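The structure under discussion appears below in the form of structure tokens.
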Amino acid sequence: MLKPEQFHLRALHNTAIPTGLDEDLWASLIDVIAKDNSIGLGQKLKELITNGPRQVTKGLQDWNYENGLFLHKGLVYIPDNKNVQRKVVQQFHDNIMGHPGQWKTVELIIHEYWWPGITEFVKAYIKGCTTCQTTKIKPPVKVPLKPNEIPLGIWETITMDFIINLPISNGYDSILTIVNRHSKAIILAPCHKTITAKQTSQLLIDYVWKHTGFPLTIILD
Ligand SMILES: [Zn+2]
Numbered sequence: 003m004l005k006p007e008q009f010h011l012r013a014l015h016n017t018a019i020p021t022g023l024d025e026d027l028w029a030s031l032i033d034v035i036a037k038d039n040s041i042g043l044g045q046k047l048k049e050l051i052t053n054g055p056r057q058v059t060k061g062l063q064d065w066n067y068e069n070g071l072f073l074h075k076g077l078v079y080i081p082d083n084k085n086v087q088r089k090v091v092q093q094f095h096d097n098i099m100g101h102p103g104q105w106k107t108v109e110l111i112i113h114e115y116w117w118p119g120i121t122e123f124v125k126a127y128i129k130g131c132t133t134c135q136t137t138k139i140k141p142p143v144k145v146p147l148k149p150n151e152i153p154l155g156i157w158e159t160i161t162m163d164f165i166i167n168l169p170i171s172n173g174y175d176s177i178l179t180i181v182n183r184h185s186k187a188i189i190l191a192p193c194h195k196t197i198t199a200k201q202t203s204q205l206l207i208d209y210v211w212k213h214t215g216f217p218l219t220i221i222l223d
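Here it is as structure tokens:
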């Protein structure tokens, strides 16, 4: 049985089921969750959340189970099922909003839904979206400084830091700052706080090393 203090902890998260849930999507979601065993959640998680010992439920505070749906921090958890994930993205990207870009699409979805790797999934979805690929004019690549304004001194040692949770601008919520340890020249690259190590390397290549050559040392602040 749940103890009262556990109820209080879970109540910190908004656990309301989204009201605008498409009926077909709802049905497939319930269906997939019922069948889903591939990720070790399913019935086991439900049992753990509702009956598990305190030591176990403590690690599951972010999770909840309501009306046949798993909620992660109040967001409907979409199981590892590409069909259902595609349907969710389709509902927001194609049906509701008229093909917004990657970050806007993710932002819309994570008001209600979440699954691990959602950002990469949406990116791939939009890459394969015929409407986006044929009708959208690609915005020019943003470079914070013109190449000739980037000091061409030696960028042997750089320091990097992320400033996160900024007001969203052009879909970005964070900035990667790259500072030349010697000249103190600074380069700013807009990014997202969910940026991966791979994406960070790509930013460094695009914003710094293409102009300056590779550094010998990187210091993470
Ligand atoms: Zn599209």
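Under the working numbering, think of the first position of the sequence shown as 3, with each following residue one higher.
Glycine included, C-beta positions come from ideal geometry on N, C-alpha and C.
In this text, all values refer to a predicted model and were calculated from it rather than measured experimentally.
Kindly give me the distance between the Cβ atoms of residue i and residue j, rounded to whole angstroms, as I take these residues to be in contact under 8 Å.
i	j	result
Thr121	Thr196	5 Å
Ile112	Val91	With a Cβ gap of about 12 Å, Ile112 and Val91 do not count as contacting.
His194	Tyr209	Not really, about 15 Å apart at Cβ, beyond 8 Å.
Tyr79	Trp116	6 Å
His74	Asp64	6 Å
Thr192	Asn172	With the sequence shown as reference, residue 192 is identified as Pro, and Thr is not the correct amino acid for it. Their Cβ separation, rounded to whole angstroms, is 7 Å, which keeps Pro192 and Asn172 in contact under 8 Å.
Val181	Thr161	5 Å
Leu77	Glu114	6 Å
His101	Thr133	5 Å
In the DSSP assignment, what residue or residues form a beta bridge with residue i?
i	result
Tyr79	Trp116
Tyr67	Phe72
Leu190	Thr179
Ile165	Ile177
Ser171	Tyr174
Residue i: beta carbon under 7 Å from a heavy atom of ligand 1?
i	result
Ile111	no
Thr136	no
Thr133	yes
His194	no
Asp262	This structure leaves residue 262 out entirely; the chain is present only between 3 and 223.
Ile128	yes
His101	yes
Could you give the distance in angstroms between the alpha-carbon of residue i and the alpha-carbon of residue j?
i	j	result
Lys148	Thr136	Note that Lys148 has pLDDT 45, beneath the 50 cutoff, so the model's placement of it is unreliable and no number is given.
Ile207	Ile188	15 Å
Leu178	Asn53	44 Å
Leu27	Asp163	40 Å
Leu71	Glu49	13 Å
- Message: Tell me whether the region 98-109 and the region 121-132 touch, counting them as touching only if at least three CB pairs, one residue from each stretch, are closer than 8 Å.
- Response: yes
- Query: Three or more beta-carbon pairs under 8 Å between the region 27-37 and the region 75-87, yes or no?
  - Reply: yes
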